[in-house]
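Following: one structure in structure tokens, then a few remarks.
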Amino acid sequence: MKKLLLIPFLFIALFSCKQEPAPIIIPDPKPTDQDPAQYGTPFAGIPATQDIVMYEVNLRAFSQNGNLEGVRQRLDSIKSLGVNVIWLMPIYPVGVLNSVGQMGSPYSVKNYQEVGAEYGTLDDLRKLVADAHDKNMAVVLDWVANHTAWDNPWISNTPWYSQDGNGNIIIPPGTNWQDVADLNFNNAEMRLAMIKALKYWVLTANVDGFRCDAADFVPFDFWKQAIDSLKSVPNRQLILLAEGSRKDHFDAGFQMNYAWDYYAKLKDVYGNNYSAAGLFTANTLELASIPADVTKLRFTSNHDECAWDNTPLVLFKSKEGSIGAFVNAALMGGVPLIYNGQEVGCAVKLPFFSRSPIDWSINPDMTATYKKILAFRKGSEAAKQGSLTFVNNTNIAVFSKTYQQETIWVLVNTRGNEVTYNVPVALANTTWTNAMDETAVSVGTQVVLPAYGFLILK
107 MKKLLLIPFL
117 FIALFSCKQE
127 PAPIIIPDPK
137 PTDQDPAQYG
147 TPFAGIPATQ
157 DIVMYEVNLR
167 AFSQNGNLEG
177 VRQRLDSIKS
187 LGVNVIWLMP
197 IYPVGVLNSV
207 GQMGSPYSVK
217 NYQEVGAEYG
227 TLDDLRKLVA
237 DAHDKNMAVV
247 LDWVANHTAW
257 DNPWISNTPW
267 YSQDGNGNII
277 IPPGTNWQDV
287 ADLNFNNAEM
297 RLAMIKALKY
307 WVLTANVDGF
317 RCDAADFVPF
327 DFWKQAIDSL
337 KSVPNRQLIL
347 LAEGSRKDHF
357 DAGFQMNYAW
367 DYYAKLKDVY
377 GNNYSAAGLF
387 TANTLELASI
397 PADVTKLRFT
407 SNHDECAWDN
417 TPLVLFKSKE
427 GSIGAFVNAA
437 LMGGVPLIYN
447 GQEVGCAVKL
457 PFFSRSPIDW
467 SINPDMTATY
477 KKILAFRKGS
487 EAAKQGSLTF
497 VNNTNIAVFS
507 KTYQQETIWV
517 LVNTRGNEVT
527 YNVPVALANT
537 TWTNAMDETA
547 VSVGTQVVLP
557 AYGFLILK
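Each position in the sequence shown, counted from 1, maps to that position plus 106 in this note's numbering.
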């Protein structure tokens with residue numbers, strides 16, 4: 107979801123969708139609107155949903171030049187974390203603010219079928235995707251369906267946009283997003299144009315899917331129509347993530363949407379001293395309300411939260427707290443997201459309206475720990491899809507997960523002081539392996555966890 111930097115820190119959040127449109131008669135595409143030929147070979151290594159580890163790239167922060175080539179040069183570093191899906195924030199030309207003239211957000215799209223010059227060229231994107239595929243990583247693009255920039259060519263088609271009573275095109279209702287114009291999903295031609303643009307990137311750049319911005323704002327029947335059309339592209343298995351929380355995203359064909367409630371509970375546990383047991387309630391409510399073959403994206407940071415709220419170091423109180431929060435998010439349920447820079451403990455609130463290159467040389471110890479956590483998750487079916495059992499405790503998040511013959515235990519101290527924990531009967535007087543260093547661990551009746559420390563037993 108984009109947030110507009112017009113008045114510092116002013117943002118009106120909106121999580122309701124547009125009014126569902128009346129039934130629409132969809133015209134057949136014209137002969138001149140046929141899709142382009144497939145470029146490259148469709149990627150055969152799309153991971154199963156439960157195996158996904160996603161990495162979000164803010165191009166303006168990721169490298170000194172803020173472009174696609176800067177991402178391509180660091181693919182090995184991304185891969186080494188254990189990542190298998192790269193999400194690129196919008197790569198399109200950025201529009202200008204209506205009647206203001208300053209540059210807008212990357213989520214203010216000037217043209218849906220071009221690469222923005224600041225990021226590079228279509229050939230640069232193709233090279234990045236091809237190299238990622240060679241390293242067994244998929245690439246998904248950020249898609250902004252709800253609105254366009256005011257200088258997008260579509261703006262000449264007034265019926266394609268929402269209008270006020272005087273026929274003036276409006277910004278998305280309930281927001282202060284002055285740099286974008288709200289699209290009208292009652293218009294069948296606009297829908298077809300957008301679907302054509304989605305397919306363009308799959309076919310022309312060989313990308314592997316989309317993270318769909320502000321998905322809760324867009325009607326269900328458009329998502330269903332668009333995803334059905336994307337699924338008609340031959341020999342493709344696409345990754346589809348909705349930035350939203352509506353259950354009907356899964357009915358439309360998305361495999362994932364956002365774990366907003368779990369993220370909010372993490373912040374409350376670490377920041378407001380809420381009971382750690384609340385994490386299990388949030389986890390259960392989120393996952394029990396969705397079909398079995400889909401899941402939630404679990405995160406401790408993303409571009410919005412980092413830019414407008416704070417960094418994981420602040421939200422979770424320390425380097426150690428930020429890692430412990432990630433352990434909970436990555437292993438309790440859903441699939442994990444890493445936002446670029448969190449793996450090195452970037453202390454800067456990364457903007458996305460301007461460039462602020464990440465210092466990749468800091469905190470190598472944090473990076474090493476992220477790698478170990480994700481390597482463990484990759485090798486553990488219990489971590490990815492095991493049945494969850496939790497133990498109620500105020501300070502320690504304690505849970506086990508079992509899949510077939512494999513059982514793991516995870517203990518995370520959510521407090522900034524050392525805690526001595528009386529372990530449950532099922533764990534007492536047992537022997538395990540510490541997943542972080544492969545040493546043997548004999549558990550008696552108590553475990554001592556340092557401030558914000560964690561223990562993963564396998």
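Just so it is clear, CB atoms sit at the ideal spot from N, CA and C, and this is done for glycine as well.
Looking only at its own chain, which residues have a Cβ that is under 6 Å from the Cβ of residue i, when we skip the five neighbours before and after it?
i    : result
P265 : N293
V400 : F356, Q361
R342 : P148
G271 : none
Q448 : S407, P418
K490 : Q156
Cα separation between residue i and residue j?
i    : j    : result
G440 : N274 : 43 Å
V384 : E411 : Strictly speaking, residue 384 in this sequence is Gly, with Val absent from that position. When rounded, the distance between both Cα atoms is 21 Å.
S169 : P470 : 18 Å
K233 : Q284 : 35 Å
P397 : N171 : 42 Å
Q331 : P279 : 23 Å
G485 : Y213 : 36 Å
E544 : W538 : 9 Å
V516 : F560 : 7 Å
W466 : A167 : 11 Å
G217 : V518 : Inspection of the sequence shows that residue 217 is occupied by Asn rather than by Gly. Going by the C-alpha atoms only, they are around 46 Å apart.
I345 : N535 : 44 Å
G359 : Q156 : 16 Å
P199 : Y267 : 20 Å
Y145 : M300 : 20 Å
L187 : V450 : 11 Å
Q269 : N263 : 12 Å
K371 : F496 : 16 Å
L494 : T387 : 12 Å
D230 : I261 : 28 Å
N164 : V433 : 23 Å
A503 : Y369 : 15 Å
I192 : V245 : 5 Å
M446 : P340 : The sequence as given places Asn at residue 446; Met does not occur at that position. Each residue's Cα considered, the two are about 32 Å apart.
H409 : V235 : 21 Å
Considering only residues of the same chain and omitting the five flanking positions on each side of residue i, which have a CB-CB separation below 8 Å?
i    : result
E487 : Y509, Q510, E512
N378 : none
G522 : K423, S424, G427, A557, Y558
V549 : V529, L533, A534, N535, T536, T537, W538, L563
V547 : T537, W538, T539, N540, L561, L563
G201 : G210, S214, V215, K216, T254, A255, W256, D257, N258, D285, V286
Under a Cβ-count criterion, where at least 16 other Cβ atoms within 10 Å of its own Cβ denotes burial, should residue i be classed as buried or exposed?
i    : result
A143 : exposed
N498 : exposed
L391 : exposed
S460 : exposed
P556 : exposed
P418 : buried
D288 : buried
A394 : exposed
T520 : buried
N258 : buried
K507 : buried
S88  : Beyond the ends of the chain as shown, which are 107 and 564, falls residue 88; an answer cannot be given.
N525 : The sequence shown places Val at residue 525, rather than the Asn named in the question. Counting Cβ neighbours within 10 Å, V525 comes out buried, since at least 16 surround it.
V531 : exposed
E220 : exposed
P442 : buried
V554 : exposed
P196 : buried
For residue i, which residues of its own chain have a beta-carbon under 7 Å away from its beta-carbon, when the five flanking residues on both sides are left out?
i    : result
K136 : Only weak support exists for where K136 lies, its pLDDT of 47 falling under 50; the coordinates are left without a value.
I429 : M472, T475
Q286 : A small fix is needed here, since residue 286 is Val in this sequence, not Gln. Contacts found: S214, H253, T254, A255, I277, P278.
D89  : Absent from the model: residue 89. The displayed extent of the chain is 107 to 564, so no value can be given.
L542 : Per the sequence shown, the amino acid found at residue 542 is Met instead of Leu. Counting only Cβ-Cβ distances below 7 Å, and skipping sequence neighbours, we find K478, I562.
Give a yes or no on whether 7 Å exceeds the smallest Cβ distance from residue i to chain B.
i    : result
D230 : The structure shown contains no chain B; it holds only a single protein chain.
Please confirm if the segment 310 to 326 is in contact with the segment 233 to 241, defined as three or more CB-CB distances below 8 Å between the two stretches.
Three or more Cβ pairs drawn from the segment 310 to 326 and the segment 233 to 241 lie within less than 8 Å of each other, which places the two stretches in contact.
Contact between the segment 401 to 417 and the segment 158 to 169 (3+ Cβ pairs under 8 Å):
Yes: the two stretches touch, three or more of their Cβ pairs being nearer than 8 Å.
Any contact of the segment 246 to 258 with the segment 314 to 323, i.e. 3+ C-beta pairs under 8 Å?
Three or more Cβ pairs closer than 8 Å define a contact, and the segment 246 to 258 meets that threshold against the segment 314 to 323.
Whole beta strand (DSSP E) runs in the segment 143 to 183 with 3 or more residues, listed along the chain?
Along the length of the segment 143 to 183, whole beta strand (DSSP E) runs at least 3 residues long occupy 160 to 163, reported in chain order.
May I have a chain-ordered list of the beta strand (DSSP E) segments no shorter than 3 residues that lie completely inside the segment 272 to 336?
Fully enclosed beta strand (DSSP E) runs of 3 or longer: 286 to 288, 315 to 319.
For the segment 354 to 420, which segments carrying the beta strand (DSSP E) assignment without a break, of at least 3 residues, lie completely within its bounds, in sequence order?
Fully contained in the segment 354 to 420 are the following beta strand (DSSP E) runs of length 3 or more, in chain order: 362 to 364, 401 to 404.
Which runs of the beta strand (DSSP E) at least 3 residues long sit entirely within the segment 452 to 512? Give them in chain order.
List check, beta strand (DSSP E) in window: 493 to 497, 502 to 509.
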